[in-house]
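One structure below.
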Amino acid sequence: MSTTEEAEASKMLLRNQYSFLISKIMFTASDLGVFDLLMESKEPLTSVTIAERLGTSPFGMERLLDACVGYKFLQVERKENQTLYGNTDLANLYLGKRSPKTHYYSMKFNAEFLYTRAQHLADSVREGETQTYGLKSSLREFMEFMREMWSPCGRVVLNAFDLSHFPLICDVGGCSGALAKEYISLYPNSTVTILDLPEVVETGKKHFVSSEEHRITFHKGDFLKDPIPEADLYILARILHCFTDENCVQLLTRLNKACKPGGGVLVVEIVLNEDRSGPVEAQIFGLVMLLCTQGKERTPSEYNALLSAAGFKQIQQKKTGLFDVILGRK
Ligand SMILES: C[S@@+](CC[C@H](N)C(=O)[O-])C[C@H]1O[C@@H](n2cnc3c(N)ncnc32)[C@H](O)[C@@H]1O
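Numbering-wise, the sequence shown is residues 48 to 377 according to the numbering used here.
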């Protein structure tokens with residue numbers, strides 16, 4: 048390595064060693080209300096004013112704001128001898144609790160629940176399974192976290208294939224109903240049944256899907272044991288990566304049996320490159336799955352094998368930015 052390369056490498060080493068703090072920085076600034084305050088003030092503010100309005104120490108707030116500038120959550124300018132902090136577009140759109148497409152619960156889940164779980168990553172790697180330490184995130188907050196992802200990605204994912212010839216949809220493990228809402232707005236003649244565990248369905252009805260939304264219904268059940276509602280298309284978004292290969296084939300076989308003739312299954316996951324070289328999101332989620340579930344991220348041929356084993360044919364796959372979409376036909 049040349050001296051310049053070595054200097055670059057040590058910079059990267061340092062950054063990587065502290066990168067676990069990024070999640071904490073992002074969430075702390077959001078939770079304290081920094082992004083909401085700057086969004087609502089409509090003008091950049093000094094660190095002293097921000098600290099005063101949010102009831103924190105000016106010394107601590109200045110450190111937090113500078114770190115947010117470093118990671119491009121905030122921007123900074125010098126004007127009339129003052130240092131002024133303002134939101135970036137990313138912060139306005141996603142990082143405030145009151146941002147139009149807030150990722151507050153996603154940040155909270157990762158900075159609190161996953162962060163604590165990650166303290167036991169070495170144990171999970173040694174044992175090859177999730178370690179249960181009695182830590183739970185609240186169901187409502189988990190559902191908010193699940194919901195948030197589909198505001199930037201839902202429409203793109205559902206547009207990957209023309210699904211207009213599938214009017215009767217079952218969103219298997221459909222959780223908050225966020226993807227179901229995108230589906231019915233995209234395909235006006237469709238209806239969606241959300242199949243999920245009883246406590247999730249109760250919370251979904253109470254907090255996420257209004258009873259006036261007649262084209263979305265809920266169905267309580269365990270998809271590995273209970274009867275599966277009949278449908279033209281089964282959506283499995285972020286489900287298979289939570290399960291072992293054995294459970295995936297069991298679930299997919301049950302869906303294949305319940306599926307109407309000509310119907311299919313739509314799998315939405317972050318898929319690993321065939322040679323496992325990336326994308327980094329799939330590689331990271333592989334570890335997240337190890338920490339939280341029995342599952343893993345898979346390559347295209349691994350998904351192909353699961354769908355084929357369950358009887359699905361004509362398997363097609365499309366990349367849509369972060370998520371990949373796989374359509375299999377009965
Ligand atoms: C990772 S979340 C994905 C939620 C949703 N599909 C999305 O992408 O936003 C997994 C969902 O599957 C549901 N689930 C897990 N095991 C289940 C089972 N055996 N029967 C029914 N639902 C289940 C969970 O309650 C949760 O809502």
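Ideal Cβ placement from N, Cα and C applies to all residues, glycine included.
Bridge-paired residues (DSSP) for residue i
i, result
"A225", "Answer is none; A225 lacks a bridge partner."
"I373", "V314, Q364"
"T130", "R125"
"C217", "T240, Y281"
"K267", "D243"
"C295", "Partner(s): none; C295 has no beta bridge."
"C306", "A278"
Buried/exposed call for residue i, threshold 16 Cβ in 10 Å
i, result
"T50", "exposed"
"L61", "exposed"
"E30", "Because residue 30 is not part of the residues shown, which for the chain are 48 to 377, the question remains open."
"E53", "exposed"
"A56", "exposed"
"H150", "buried"
"G143", "buried"
"K343", "buried"
"N157", "buried"
"H288", "buried"
"N134", "buried"
"M86", "buried"
"V219", "buried"
"F74", "buried"
"L68", "exposed"
Residue i CB to nearest heavy atom of ligand 1 below 7 Å
i, result
"L242", "yes"
"V247", "yes"
"S223", "yes"
"C289", "yes"
"D269", "yes"
"A299", "The sequence given here places Leu at residue 299; Ala does not occur at that position. Answer for L299: no, Cβ out of range of ligand 1."
"A227", "no"
"M108", "no"
"M193", "yes"
"R285", "yes"
"G220", "yes"
Sequence-distant residues of its chain with Cβ nearer than 7 Å to residue i (five each side left out)
i, result
"N303", "A357, G358, F359, K377"
"Y141", "K148, T149, H150"
"E229", "W197, G201, R202, L205"
Proximity test, Cβ basis, 8 Å: residue i and chain C
i, result
"S104", "You won't find chain C in this structure, because it holds only one protein chain."
Neighbourhood of residue i by C-beta distance below 6 Å, restricted to the same chain and skipping five residues each side
i, result
"H266", "T240, L242, P276"
"M108", "S94, I97, A98"
"T346", "L319, E321"
"C115", "A76, L121"
Proximal residues to residue i (C-beta, below 8 Å), its chain only, five neighbours per side dropped
i, result
"C222", "M190, M193, R194, I241, D243, V247, G251"
"L84", "L92, I97, R100, L101"
"G368", "C200, V203"
"L271", "N294, Q297, L298, R301"
"L354", "L299, V312, V314, I362, I373, G375"
"T238", "P214, L215, I216, I231, R262, I263, T264"
"I72", "L111, A114, C115, Y118, F120"
"D170", "Q178"
Residue i CB to nearest heavy atom of ligand 3 below 7 Å
i, result
"P199", "Ligand 3 is not part of the structure shown, which contains ligand 1 as its ligands."
Open item on the list: Going residue by residue through the stretch 65 to 96, where are the continuous alpha helix (DSSP H) segments of at least 4 residues, counting only ones entirely within it?
Closed with: Counting only runs of 4 or more, we get 67 to 79, 81 to 88.
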